[in-house]
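With my numbering as the guide, the letters of the sequence shown map in order to residues 804 to 1101.
Okay, so here's the structure we're looking at.
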Amino acid sequence: MKSAGEKGKKTCVYVSVKNRGDEKKIISTVEASAEYVIADCPDWKVIPLENLIASIHGKTRLMASISTIEEGRTALETLEIGVDGIVVNLTDLEEIKKIHSIVKEVKTRESEIASSERISLLSAEISEIKPLGSGARVCIDTCDLMKEGEGMLVGCQSSGLFLVEAEVHETPFVAPRPFRVNAGSIALYVLAPGGKTKYLSELKAGDEVLIVDREGRSRTTSICRVKIEWRPLLLVEARCQEWIIKTILQNAETIRVMTEEASKSVSELKPGDKVLVRLEEGGRHFGTLVKEERVIER
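Spelled out as structure tokens, the structure:
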């Protein structure tokens, strides 16, 4: 292998990983200067990859041989680092396309996150705040932990979404719940992966939504629980460019909308305040954007 490398040839080793001995084989090939290692884990799918990532990450390019979409996502997210690539053992073109989408979507490393395309957020001016009666509102409890400045994009119109912060702040009466976004009225839209939207009423455990920060950086998270309760609601209306957009949130001090510098409780919002929103032209067909379609949502 060393001689091949000295001649400028790429070196790659394939190993079927069935036990610890096979893991040691891979480590020894890395020490022998293998540039790529393909690990095929026919039985245990996760623990062997965890061991290999911990042992050889940064020393070679570790590739995982996968045969399902689920295996591909798991390999790319293992140990919050993931493998360097995947080798697809599939012949179905549609399945291969789906895996390609997952490879583009999953971002676990700082360089990937920094170079990823950001969601365009604009500053909108609050034009009206109107208390409403009680209604069904949705809390989205995720399988992740969010920090200050992170939340989800929700709104009455798919073309205009407000950035609502996660419950990350300490208060005198309620402990932080950094896994949660109190997303608002059950009929609202929420932004999901792939630029799609979903109704809050559709969400359930295992579905995916987007966590977004005030800089427009985003990542995908899975839902652990959707909690629907009846609470007093608040209509929030804002103007941005020629657009008038709205959302309906729970009327409580712990619900905060994002601003350019921080966030503000809906209980403190007043006309003239500025908040962050996302605008997009076009209509939606089952959550998928159709830019040419004319849709009016008020």
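Even for Gly, the Cβ is constructed at its ideal location relative to N, Cα and C.
Original post:
Can you tell me the Cα-Cα spacing of W1033 and A1041, whole angstroms?
Top reply: 25 Å
**OP:** Leaving aside the five residues before and after I945 along the sequence, list all residues of the same chain whose C-beta is less than 8 Å from its C-beta, in chain order.
**Re:** A small fix is needed here, since residue 945 is Thr in this sequence, not Ile. Answer for T945: F982, R983, V984, V1012, I1014, T1024, S1025, I1026 and C1027, listed in chain order.
Original post:
My guess is that E1018 and S926 are in contact by the Cβ rule of under 8 Å, so how many angstroms apart are they, rounded?
Top reply: Not really, about 13 Å apart at Cβ, beyond 8 Å.
**OP:** Label P851 either buried or exposed according to how many other C-beta atoms from any shown protein chain fall within 10 Å of its C-beta, with 16 as the threshold for buried.
**Re:** buried
**OP:** Indicate the three-state DSSP secondary structure (helix, strand or coil) for V971 in the structure shown.
**Re:** coil
Subject >> Burial state of D1016 (16 or more Cβ within 10 Å) >> reply: buried
Original post:
Applying the criterion that 16 or more other CB atoms from any shown protein chain within 10 Å of the CB defines a buried residue, is A978 buried or exposed?
Top reply: exposed
Subject >> Among I889, I899, L1037 and A867, nearest to G987 - alpha-carbon criterion >> reply: L1037
Subject >> Rounded C-alpha distance that separates L924 from D947 >> reply: 23 Å
Original post:
Who are the Cβ neighbours of E908 in its own chain at under 8 Å, not counting the five residues just before and after it?
Top reply: Around E908: P996, G997 and T1023.
Subject >> Segments assigned alpha helix (DSSP H), at least 4 residues, entirely inside the segment 1014-1064 >> reply: Runs found: none.
Original post:
From V1039 to I1051, what distance separates their C-alpha atoms?
Top reply: 6 Å
Subject >> Check whether I856 and I905 have beta carbons under 8 Å apart >> reply: Contact: no.
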